[in-house]
Each structure stands twice: as C-alpha cells, then as structure tokens.
Amino acid sequence: MKFIKPETAVWRTKEWLGIIKNLLCARVSQGQAIDELQHYLAQAYPESSVMLLNSARAGLALALGVFQQKVPTKCEVIIPEYICDSVPKVILSCGLTPIFVSVKKDLNLDVSKLEENLNNNTLAVILPHMYAKAADIAQAEAMLMAKGVFLIDDAAQVAGVEINNKPLGSFGDVGVLSFAQAKTIVTGVRGSGGVLFINNKKLLPLFNLQTLPKNTGRAFQLLHFLFAYKWQGWAKKLDYYLQRLHAKLFKDKPNDYYSEIKQISNLEADIALAQFSSLSSRIQQSKEIIAQYSQALRSCEGVLLVQVDRDDLYLTRLIIQSQVTPPKQLAEQLIKQGIKTKFVYGTGSKVYDGSYCSGLLELPLQGLKLSQIEKVVQAVVTH
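Quick note: to get this note's numbering, add 353 to the position in the sequence shown (first position is 1).
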C-alpha cells in the first residue's frame, strides 16, 4: 500500500541537481554556495546581520551566551509551554532555566501572559512562530524593549512571511531560521543548517563571525535524511543498519550532532538556495491545500483545525485537535486507510482534556494532490 504521509521536504529538480553536482565535484564541505546563500539572505533580511550555521539551535546557544555576557546576573528564559524539546535543551545546556508560559488556541505563546511572568531574573524570551503561524511578535518586541529583556525571534519554522513589511526572524535582538526537516526551508537533519540573524547592532561585536569550523561528514547525514525521513519504508530499515555500522566504524557518540557549532556545509547551502528559489510557489501551494482542508473539515464535529483562522494562510504542518476520538486511536484508524499521521510536541497528542495542548495530531499537508486531500478528509470525517 502506498501511504499518504506528512512530507518532510518538498524538493524539486533543482535540489536534486545541486546534490549530484556537489557530490560529483567534491564540494560537500566548501564551495561558492555558502557565499551565494549569505548574499541572498543579506538582501532578503536587509536590517539583519546574517550568520550561517549548522543549525538553528546553534544560533540559540550563541545568542543566549551573548545575552549572559551582557547581563550575567539573570538566568531565566521564557518560552511557550508548547515547543520543540530542542529549545529547552539548549537553554539548560547554557546553564539557564526555562520558564514555560501558556499558549493560545493557535499554539503560539500568549503574549498577554508575558508581563506577569517577567521578573528580575528574566534574561530573555524566545518567541516561536509555531508551524509558520505568526506570533504576536511586534507586540512582544515593544513590551520587552521597554522592560530591558532580550527577545529571540524564533522563525526556525518559517521563511517568506512578513509582518509590517518585516520578515519574521528580523524582530527582536536576534532571530533564527532552521533548515531541518519539515520546516519551510529543508536541507536535511542532524545539523543540516540554520541562520542566526543579529538584529540588534549593539550586540554584533560580541558575535565572532570568523572562527567557526567547517562542517564535514555531511554526505552521510544526507543519506540518513533521505532513507529515514524522505523515502522511509524499506529505506528506513536499511538506514537503521547503516547507522549502526557507521557508529561502530567511526565510534559516533549518541546525540552528538549538535555539540559543536559549525558553519553550514556547501552542499546544504546549495540545497537551501534551491529551496528559496521555489519558496513563493510552495507557499502558494500550501495555502491552497489548507483552504481545501478548511472548507472540507469546517462542519466536522469534534475536529478542529486549531491554527486555521483565516483564508490565505500558510503553515508548514497541519494540526487538528480531535476532541472526541483520542489522537492515538484516530491515528490507528487512519493508517488502516493508507494515511500516516504524526504525534506532536511533548504531550500534545494526549487525550483531549479541554486545554489547547491536548488532542493534537498532524495530518499530511505538503505536496498533496486534490485526490489525496479528499481521501484524508473522508477518512477523518467518517472515522
């Protein structure tokens, strides 16, 4: 059975040609694509200084380190209660304490709750745009600037979206953009690339932009991404054995892919450039798919598209809240009909309990055909 599943990367001919070119020409680690991506982003984010890295979490770690240099007496970082677990892990690795604040229905941090959670220990706020749904970043920026609290515009999941004619990622003191799987720009996994946008020019001298090591070993990590995430099925099983063999031969340390902050590789910079070249058309395609889902599921009792509050909305992932059928049970029913779903961050896929962070399940979204959308909708409606 061929499954309809959440897509981790919508790649077209240009991405595949870039991969082949860099592998054949031995330009995986270094090459001109890095400078080309730097130039492209400098134009797309004109108010920011651009720092290309091996991951967005590297950008978070660098930013928090600079904030600590500026205000060493403060130790708390506010984040939303619904968030990728890599964010609190980075905060803890910096010797800081994550403070969780409630989210709204759209799964973004409730900025109206920010002020009551600020205190003399608050160093910074990390404000993500969950699944590309823009948070109240301008409101948060004004409040935190007045309070003297640093703001990280966490645009890890989104590129190509603006508020007040400013791209997400360019608000606050710094911003980040990720190139990992299931984001807007996808180049792979395990340190496949990211960007730190330095928006507060007063902080720029504290970031050392010239001393990062090269990013090597990326061809094998690309293979892992293709087998385990992009193709799956038999390839995912093969990847399991390849990973074990690689670990034995090279004595890999588990979960060590983000321990060192590095430059982005040339291979992944080239893939990112290809992704940016198709960004507008991919965003438009996703908007059309979301609109079709919204219209079809609008009258489905007990199933809510929690982030869809208007037409012409772009999202990287489509999350439903199943208020009657437990997400695990719904996922089991859908897979019998050839539809794969995904559980969400943390405990968000627990049985619905009336909270915004419960009953959640991810449906397939990117790159779907109309017939596939209709099949998913029919399965959800009749479950």
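Note that CB positions come from ideal geometry on N, CA and C, so glycine has one too.
Quantities reported herein were computed from a predicted structural model and do not represent experimental measurements.
_Nearest-angstrom Cα separation, counted from N470 out to S455_ = Computed Cα separation, rounded: 10 Å.
_Sub-8 Å separation of L668 and Y484 beta-carbons_ = Inclusion of L668 and Y484 in the CB contact set at 8 Å is warranted, their separation being smaller than that value.
*Could you tell me which of Q628, V697, S702, I642 sits nearest to L390, measuring between CA atoms?*
The shortest C-alpha separation from L390 is found at Q628.
*asked:* Is it the case that the region 419-427 contacts the region 652-667, given that we only count it when at least three CB pairs across the two stretches are under 8 Å?
replied: No: fewer than three Cβ pairs fall under 8 Å.
*Anyone know if the C-beta pair for N552 and V511 falls short of 8 Å?*
Contact flag unset, no.
*Give the C-beta separation of L714 and L666 to the nearest angstrom, bearing in mind that I take them to be a contact with Cβ-Cβ under 8 Å.*
Contact between L714 and L666 does not hold, since the beta-carbon distance rounds to 19 Å and is not under 8 Å.
*asked:* According to DSSP, is I672 part of a helix, a strand, or is it coil?
replied: Correct three-state label for I672: strand.
*Between E494 and K466, what straight-line distance do the alpha-carbon atoms span, to the nearest angstrom?*
C-alpha separation (whole angstroms): 14 Å.
_Residue(s) in a DSSP beta bridge with I551_ = Within the DSSP secondary-structure output, I551 pairs in a beta bridge with S402, V527.
_Cutting at 8 Å between CB atoms, please list the residues of its own chain near A523, excluding the five before and the five after it._
According to the sequence as given, residue 523 is Ser; it is not Ala. Sequence-distant Cβ neighbours of S523 in its own chain, meaning closer than 8 Å and more than five residues away, are Y398, E400, S401, D506, F550, N552.
*How big is the Cα-Cα spacing for I688 and K728?*
One C-alpha to the other measures close to 12 Å.
_I'd like to know if the region 590-598 and the region 638-649 are in contact, where contact means that at least 3 CB-CB pairs between them fall below 8 Å._
Segments in contact, no.
*Run the CB neighbour count on T694, radius 10 Å, all protein chains shown included, and call it buried at 16 or more, exposed below.*
T694 is buried by the Cβ-count criterion.
*In angstroms, rounded to a whole number, what distance separates the CA positions of G570 and Y705?*
Spanning the two alpha carbons is a distance of roughly 43 Å.
*L666 (DSSP reduced to helix, strand or coil)*: In the structure shown, L666 falls within a coil segment according to DSSP collapsed to helix, strand and coil.
*How should H392 be labelled, buried or exposed, when 16 other C-beta atoms within 10 angstroms of its C-beta is the threshold for buried?*
It is exposed - the Cβ of H392 has fewer than 16 other Cβ atoms within 10 Å.
_When L394, D459, Q690 are compared against L657, the one with the closest alpha-carbon_ = Looking at the Cα atoms, D459 is the closest of the given residues.
*From A416 to V403, what does the alpha carbon distance come to, in whole angstroms?*
The straight-line gap separating the alpha-carbon atoms of A416 and V403 is approximately 13 Å.
*Below 8 Å on the Cβ atoms is my guess for P679 versus K358; work out the distance and round it to an integer in Å.*
Not confirmed; about 20 Å, so no contact.
*asked:* Between D438 and V464, how many whole angstroms is the CB-CB distance? I'm expecting something under 8 Å.
replied: The distance from the Cβ of D438 to that of V464 is about 22 Å, inconsistent with a contact at the 8 Å cut-off.
*Mind reading off the beta-carbon distance from K583 to N407? Whole number of angstroms is fine, and I expect it under 8 Å.*
By a beta-carbon distance limit of 8 Å, K583 does not contact N407. Their separation comes to about 20 Å.
*Since E715 is in the beta strand (DSSP E), which residue starts that stretch and which ends it?*
First-last of the beta strand (DSSP E) with E715: 713-716.
*What whole-angstrom Cβ distance do R380 and N619 have, given they're in contact under 8 Å?*
Right, the Cβ-Cβ distance comes to about 5 Å (below 8 Å), so this counts as a contact.
_Cα-Cα separation between L476 and K554, rounded to whole angstroms_ = For L476 and K554, the gap between their C-alpha atoms comes out near 18 Å.
*Where DSSP assigns a beta bridge to P433, which residues make up the other side?*
By DSSP's assignment, P433 forms a beta bridge with V454.
*Report the partner residues of T361 according to the DSSP bridge assignment.*
T361 is bridged by DSSP to nothing; it lacks a bridge partner.
*asked:* Please list the terminal residues of the continuous beta strand (DSSP E) segment that includes L462.
replied: L462 -> no beta strand (DSSP E), and no H or E assigned at all.
*Short check: CB of T537 to CB of G546, under 8 Å?*
By the CB criterion at 8 Å, T537 and G546 fall outside the cutoff.
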